[in-house]
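So the structure is just underneath, and the comments pick up after that.
Protein chains in written order, with the working numbering: chain A, 1000 to 1255; chain B, 6 to 556.
Next comes the structure, spelled out in structure tokens:
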């Protein structure tokens, strides 16, 4: 069953077409990687799915509901982690979680058990009553991750999940995502880290200049790039037209 | 959905009651507020008592001023709710969290509505309540007047916010342009509306112009009629002035004042549900879009690049430069008031009154300069944000950095002070020593106030602030304003007597005696010297604090 369905989505900013008629679907229990170079249209797409931007044309359906027609229902089913963890500076971590729990009508038992669990897991427990303005970037990222993971929604939309995380937390987040997916959650994940995409994602889509360049499993991508043994980095560079960079890098390595 | 108010309430609580107890800062602010409140009440009491004790005309004039005050309050509230509305509704960074959550737009409207009402009206409450309260004391209206006054002020604030927010949502939705152009068009329109309302509704020229009316009775009745019976401030003024005079409550304005904010609130909620998302979606489309900004050729000149950075930060941040419209409106309204002053009908010689007003104008100009410095100069250090570390880790000493910042801001502020002083002196037909004294003292005040703003801004810099406009209400900013106004008042009081002697001698062609000349020169030198010392002290203190911030 498809939890997220994007159909013929287009978004223009003036004369610039940021997202050009893209369609894709994310199934229940699937981690779907959304890759592309800077300015390819990843964040715009994600913001549309999170209900933050209005598309010019096209539809987004979440868990069987149309986002334009029933935004509240769709948002209830979507956990969104933005690329920049902007939080309320003057609230404490716990107050922030309570605030988010309240916004999504999370029941008290679930809130208590989940926050205790995730705050301990992310080593945030002793910081829960400190103001967010004293948090580091990584702590903010973990807090916003907690605010999403505690809710158990059918769709997670994640923009750059690992930025600012220490290796332990990064590993933890990856395991969380895998566990969530095994439990049936669909995860739509945008990242620049090709290792993460390769390790986590069941299917990957590469977007360039607002259009989908290719979609499929690692096998499909390898086949498409004509490189049976390549890793995702090679495939990405090949498909995004940046393969010549590899030669420059090789030359630099040789010289050093 | 009350959960939406949590960030606002908790933010306030942590700010004013850290650890559940009132902070020293909170007690200081409360005491300063109470002092200001009482000071305004006393000043109001003195002025209104003076008017009231004259004759029947004095009573009517004081009620006319009462009416005008309500119109001014209402107009300013609508204007500031529209300006605040753009950033609160469309550009707030918490939109990313709140709008991604399953919350109906009408609940978001309720939260923005209540918080905006509080943001825009708390200052107005502090300034208007004691003055309006003083009317009650002078007219002997009793405690019931206060019972009527408080909800009336609240109703006017609530109506103004609902109108301001509703219009903002519609405007941003209607203009089919990009964000920046939206805001330019929108603010130009606001600028026009504000000017029109202030100038046309108040009709200050009629205040002292009995000759425009065939007889005195008509003049009196024109003064006592409401400004426009359809506007909420007229209902407020009508209700309260009726009570002041006859101690009778008129229930029609009471019901209008109760119902109107509700009607506008529900209309605003509907507008929010219907039109907000498209405007919000568009508001996120980043500034400039595909526009390119060509960098000039590089030259190793720190001052040049610091100036350039300041200019770019200013013109690329619409929440910054849009305030210039407000400054523009302020200048036009300010100078217009000088134009319509009925000096020729004054019982005292016109030139004497003109000179007196020109002298008071130094203080008024200084007050405008101080307010604008609190808005633009004070936050200039904190606005560097995380980039501040980069600046001070560069080979640029804090002293030099402060000096460059000072030079950058002192130029436009000097220009503004010159425009206000020269233009108002011209309209008042001032010449001779007063022209030079007003210009000289005005400039010393301007230069000192800018240095003080920068110094206080450095000492109380908040590098984590998201909203530069919100810095204005901070403790350091209020402290700066108090200090700046104190300096201005001291300067004006010190220079008053020698200026009076000098102007009198000049007007009557009396030869200046040596003691007067020495006294005048001495006082003016003291003012110049104290300005210089305060400026240097502020900049030095600021530089020292910057070192502390960086280490």
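We put the beta carbon where it would ideally sit given N, CA and C, even for glycine.
- Taking C-alpha positions only, residue 8 of chain B is separated from residue 24 of chain B by approximately 22 Å.
- Taken atom to atom, the span from the alpha-carbon of residue 66 of chain B to that of residue 137 of chain B is near 15 Å.
- Under the three-state reduction of DSSP output, residue 1180 of chain A falls in the helix class.
- The C-alpha of residue 486 of chain B lies about 29 Å from the C-alpha of residue 435 of chain B.
- In this structure residue 1029 of chain A is buried. Its beta-carbon is surrounded by 16 or more other beta-carbon atoms within 10 angstroms.
- Assignment of residue 436 of chain B by DSSP, reduced to helix, strand and coil, places it in the coil class.
- Not flagged as an interface residue toward chain B: residue 1126 of chain A, since no C-beta distance is shorter than 8 Å.
- Partner residues in the beta bridge of residue 1001 of chain A, as assigned by DSSP, are A:1026.
- Each residue's CA atom was taken as its position, placing residue 425 of chain B and residue 86 of chain B some 27 Å apart.
- Counting C-beta pairs with one atom in each stretch, the stretch 456 to 471 of chain B and the stretch 11 to 23 of chain B have fewer than three that are closer than 8 Å, which means they do not touch.
- Taking 8 Å as the cut-off, the Cβ atoms of residue 1044 of chain A and residue 1061 of chain A do not count as close.
- Chain order gives the chain A residues near residue 16 of chain B as 1087, 1088, 1089 and 1090, where near means a beta carbon separation below 9 Å.
- With 16 or more other CB atoms across the displayed protein chains lying within 10 angstroms of its CB, residue 72 of chain B is buried.
- Around the Cβ of residue 272 of chain B, a 10 Å sphere holds fewer than 16 other Cβ atoms; the residue is exposed.
- Under the three-state reduction of DSSP output, residue 468 of chain B falls in the coil class, being neither helix nor strand.
- Secondary structure note for residue 1202 of chain A: its beta strand (DSSP E) is the uninterrupted segment 1202 to 1207.
- DSSP places residue 1230 of chain A in no alpha helix (DSSP H); its state is neither H nor E.
- Apart from sequence neighbours up to five positions away, the residues of its chain that approach residue 449 of chain B with a beta-carbon distance below 8 Å are 496, 532, 533 and 536, ordered along the chain.
- By the C-beta criterion, the stretch 1039 to 1059 of chain A is judged not to be in contact with the stretch 1121 to 1132 of chain A, since fewer than 3 inter-stretch pairs fall below 8 Å.
- Under DSSP, residue 1011 of chain A takes part in a beta bridge, and its partners are A:1016.
- DSSP places residue 1057 of chain A in the strand class (E or B) of the three-state scheme.
- Only buried fits residue 240 of chain B, as 16 or more other CB atoms lie within 10 angstroms of its CB.
- The three-state reading of DSSP puts residue 1212 of chain A in strand, counting E and B together.
- Counting only residues of its own chain and dropping the five nearest sequence neighbours on each side, residue 1103 of chain A has a CB closer than 6 Å to the CB of 1150.
- The beta carbon of residue 124 of chain B is closer than 7 Å to those of 89 in its chain, skipping five residues each way along the sequence.
- Just measuring C-alpha positions, the residue of A:1190, A:1092, A:1160 and A:1175 sitting nearest residue 1120 of chain A is A:1175.
- Here residue 360 of chain B is buried. Its C-beta has 16 or more other C-beta atoms within 10 Å.
- Neighbours of residue 1174 of chain A across chain B, judged by C-beta separation under 9 Å, do not exist; the nearest C-beta is about 25 Å away.
- Look at the beta carbons and you see the stretch 1150 to 1163 of chain A touching the stretch 1184 to 1202 of chain A: at least three pairs across the two are nearer than 8 Å.
- Distance between residue 1116 of chain A and residue 1089 of chain A, taken at the CA atoms: about 24 Å.
- The alpha-carbon separation between residue 115 of chain B and residue 81 of chain B amounts to approximately 22 Å.
- Ranking B:50, B:333, B:414 and B:480 by CA distance to the CA of residue 34 of chain B puts B:480 first.
- Taking 8 Å as the CB threshold, residue 276 of chain B stays off the interface with chain A.
- Take residue 13 of chain B, set aside five residues on each side of it, and the residues of its chain with a beta-carbon closer than 7 Å to its own are 120, in chain order.
- The Cβ atoms of residue 1177 of chain A and residue 1195 of chain A do not sit closer than 8 Å to each other.
- Against chain B, a Cβ distance below 8 Å from residue 1049 of chain A picks out 105.
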